[in-house]
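Structure, as structure tokens:
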Amino acid sequence: MTWPRALPWIALLLVAGLVLGDVRPPGGWPGWLGGGDPALRPGGSTAAQVERVVDGDTIAVRVGDERERVRYIGVDTPETVKPDAPVECWGPAASALNKRLVRDGEQVTLRFDRELRDRYGRLLAYVYRGRDRLFVNARLVRDGAARTLSISPNTAHAGELARLQADARAAGRGMWGAC
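Okay, so the sequence shown: first residue is 1 according to full-length UniProt numbering, each after it adds one.
What follows is the structure, given as structure tokens:
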């Protein structure tokens, strides 16, 4: 049988393997194919443990047995660790605030919007602190450590974050008074 004529049979065997057994590629299916952790789905949420704060708007977490980088949805803090970019005004303060809000080892809840990952493969999430349900993304904006960054389709909290930014800017909090 020639290669083009074998393709339908290969596809049939693959489908049969999926239906009859637990056949999956090494490392599991990519999220966009519906595989992986069932909690990691658009509109879902999952518990995670903070491993470390990367910068003002990114954390490294453990979700079950997996390690993930999480980029906060709806906010952008001044840069501190971007390769080939200078440290920006208020960047170190934003990172320090994020480290106070979510400490290493702390439990958090990650809530997902409509798009699960960015182009760098990071999870996109609204982050809530486990001990008191503090909405971390919102606190960063409220305290002037982050500006809003609304990227469709992940806009569930865009209005709330915009109001918090307007208040922080008007009060001269954080970067709005320093930069």
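By construction, the Cβ of each residue, glycine as well, lies at the ideal position given by its N, Cα and C atoms. Bear in mind the structure is a predicted one, so any value in this text is a computation, not a measurement.
In the DSSP assignment, find the unbroken beta strand (DSSP E) run with residue i in it and report its ends.
| i | result |
| --- | --- |
| D167 | Premise fails: D167 lies in the alpha helix (DSSP H), A158 to A171, not in any beta strand (DSSP E). |
| P52 | Position check: residue 52 holds Arg in this sequence, whereas Pro was assumed. Taken as a continuous stretch (DSSP letters only), the beta strand (DSSP E) holding R52 covers S45 to D55. |
| A138 | Not the beta strand (DSSP E): A138 falls in the alpha helix (DSSP H), residues V136 to R142. |
| V61 | T58 to V63 |
| A125 | L123 to R129 |
In the DSSP assignment, find the alpha helix (DSSP H) that holds residue i and state where it starts and stops.
| i | result |
| --- | --- |
| A178 | M175 to A178 |
| S95 | G91 to L101 |
With residue i and residue j assumed to form a contact (beta carbons below 8 angstroms), what rounded beta-carbon distance in angstroms separates them?
| i | j | result |
| --- | --- | --- |
| R69 | V54 | 7 angstroms |
| L140 | V75 | 6 angstroms |
| T77 | P92 | About 10 angstroms separates the two Cβ atoms, so there is no contact after all. |
| G50 | V61 | In the sequence under discussion, the amino acid at residue 50 is Val, which differs from the Gly named in the question. Right, the Cβ-Cβ distance comes to about 6 angstroms (below 8 angstroms), so this counts as a contact. |
| Y126 | H157 | 6 angstroms |
| F135 | G44 | Contact flag wrong, Cβ pair sits at about 17 angstroms. |
| R71 | R122 | 4 angstroms |
| N154 | I73 | 5 angstroms |
| E106 | R142 | With a Cβ gap of about 20 angstroms, E106 and R142 do not count as contacting. |
| V108 | A48 | 5 angstroms |
Tell me, please, which residues DSSP counts as bridged to residue i.
| i | result |
| --- | --- |
| I151 | N154 |
| G74 | L149 |
| V108 | A48 and R129 |
| E66 | V63 |
| R117 | L123 |
Next on the checklist: For the pair the segment 160-177 and the segment 128-147, tell me if three or more CB-CB distances fall below 8 angstroms.
Outcome noted: yes
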